[in-house]
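> Provided herewith is a single structure, encoded as structure tokens, for subsequent inquiry.
In the numbering used here, the protein residues as written are 4 to 313.
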């Protein structure tokens, strides 16, 4: 962007005058893998957590690391970035904190359920207008993802200023008849207000397609939050742990898939599409369930051809 420096648009010089005993730290949070009790590994992605508005995101971004080398210091004014483009090394500025206690508090990893230390901090609210909008290009140095050296911080230039915050910049809701999104596409846009409202306002029949093998899962949504509620649960867990009907557990095929292949399989292979939608009333509820059975027959989604067991 014609040589606009990150330090200038964020006014680091003024910030250092306000906090003369503090230092600027840029933290480019990198994805990682958690080791699970069964010996497998689970990929952890900061962008996905950001798009999901994960309640553990800040604790993860301000985690201390090992006891031998704390990633945080009481001297830090920490500016947090997450990667949004791997090939181009593009990073999004998402938050800023004044570290008040580097040793901080205990947090719990939602995947391993183990405790870890995360810094206690106060958000620098004056930077909120820039959260989710500033993009920089940066390649982390070997074995390093946070920086305090002024010569490094002062060298970083802006690549782009997004016209809207990243989480609000996705596609507008296009209409029910053309909704067909991959897992990652849907994750990014489902919390946008227009998508949330549209998917919450209807009952409907939908199909989940496993693009790796062609298998299908046909389902219906007749709950209070309509298709939005059902799909939000699928995005978080891969299947709905609470879904039941008079024939038992209709999610069995999806549940087994997640248990054997982990949620990453869903993230990499599934597409979500609306087949039909109906008004949120008793007529619509009955019609939705009736048409669900029709589409299961037409698409032949029953096990073993597909993932439907009911």
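Backbone N, C-alpha and C fix where the C-beta goes; we use that ideal spot for every residue, glycine too.
If you're wondering where the values come from, they're calculated on a predicted model, not measured in any experiment.
1. Please report how far the alpha carbon of residue 299 lies from the alpha carbon of residue 216, in whole angstroms.
2. Which full runs of the beta strand (DSSP E) of 3+ residues lie inside the segment 239-311, going along the chain?
3. In whole angstroms, give me the CA-to-CA distance for residue 249 and residue 264.
4. Select from 22, 194, 180, 187 the residue whose C-alpha is nearest the C-alpha of residue 170.
5. So, residue 101 versus residue 80, is the Cβ gap smaller than 8 Å?
6. Please go through the same chain and pick out, in chain order, the residues whose beta-carbon is closer than 8 Å to the beta-carbon of residue 67, but skip the five residues on each side of it.
7. Following the continuous alpha helix (DSSP H) through residue 63, name the residue where it begins and the one where it ends.
8. Got a sec, what are the start and stop residues for the beta strand (DSSP E) residue 84 sits in?
9. Evaluate residue 144 with the Cβ neighbour count: other Cβ atoms within 10 Å of its Cβ, from every protein chain shown; 16 or more gives buried, anything less gives exposed.
10. For the candidate residues 279, 90, 87, 77, whose alpha-carbon lies nearest to that of residue 230?
11. Whole-angstrom Cβ separation of residue 99 and residue 127, contact assumed at under 8 Å?
12. What three-state label does DSSP hand residue 322 in the structure shown?
13. Give me whichever residues DSSP pairs with residue 109 in a beta bridge.
14. How would you label residue 38, buried or exposed, when you count the other beta carbons within 10 angstroms and need 16 or more for buried?
15. For residue 178, is the classification buried or exposed, using 16 other Cβ atoms within 10 angstroms of its Cβ as the cut-off for buried?
16. If you scan the segment 125-156 from start to end, which runs of the beta strand (DSSP E) of 3 or more residues do you find wholly inside it?
17. When the distance is taken between beta carbons, is residue 27 closer than 8 Å to residue 156?
18. Quick check on DSSP: helix, strand or coil for residue 162?
Taking the structure as given:
1. The count along the chain shown starts at 1 and reaches residue 299 at position 296. The count along the chain shown starts at 1 and reaches residue 216 at position 213. Approximately 17 Å between the Cα atoms of the pair.
2. 273-281
3. Within the chain shown, the letter at position 246 stands for residue 249. Within the chain shown, the letter at position 261 stands for residue 264. Only weak support exists for where residue 249 lies, its pLDDT of 43 falling under 50; the value from the coordinates is given anyway. Answer to the nearest angstrom: the Cα atoms are 28 Å apart.
4. Translated into positions along the chain shown, residue 170 becomes position 167. That would be 194, whose Cα lies nearest to the Cα of residue 170.
5. Numbered from 1 along the chain shown, position 98 holds the residue referred to as residue 101. Numbered from 1 along the chain shown, position 77 holds the residue referred to as residue 80. Yes, the pair counts as a contact, with Cβ atoms nearer than the cut-off.
6. In the chain shown, residue 67 corresponds to position 64, counting from 1. Hits under 8 Å: 73, 74, 75, 105, 106, 107, 119, 120, 121, 122.
7. Counting from 1 along the chain shown, the entry for residue 63 is found at position 60. Where residue 63 is concerned, the enclosing alpha helix (DSSP H) stretches over 60-64.
8. Mapped onto the chain shown, residue 84 falls at position 81. Here the beta strand (DSSP E) through residue 84 covers 79-88.
9. Working through the chain shown from its first residue, we reach residue 144 at position 141. The residue is exposed, with fewer than 16 neighbouring Cβ atoms inside 10 Å.
10. For the purposes of this step, residue 230 is identified with residue 227 of the chain shown, where counting begins at 1. Closest by alpha carbon: 279.
11. Along the chain shown, read from residue 1 onward, the residue named residue 99 stands at position 96. Along the chain shown, read from residue 1 onward, the residue named residue 127 stands at position 124. Right, the Cβ-Cβ distance comes to about 4 Å (below 8 Å), so this counts as a contact.
12. What is shown of the chain runs 4 to 313, which leaves residue 322 out entirely.
13. On the chain shown, residue 109 is found 106 positions in, with the first residue counted as 1. According to DSSP, which records beta bridges pairwise, residue 109 is partnered with 120.
14. Translated into positions along the chain shown, residue 38 becomes position 35. It is exposed - the Cβ of residue 38 has fewer than 16 other Cβ atoms within 10 Å.
15. The residue given as residue 178 occupies position 175 in the chain shown. Looking at its Cβ environment, which holds fewer than 16 other Cβ atoms inside 10 Å, residue 178 is exposed.
16. 137-140
17. For this step, residue 156 is matched to residue 153 along the chain shown. For this step, residue 27 is matched to residue 24 along the chain shown. Against a cut-off of 8 Å, the Cβ pair of residue 27 and residue 156 comes out as a contact.
18. For the purposes of this step, residue 162 is identified with residue 159 of the chain shown, where counting begins at 1. The answer is strand: DSSP assigns residue 162 an E or B state.
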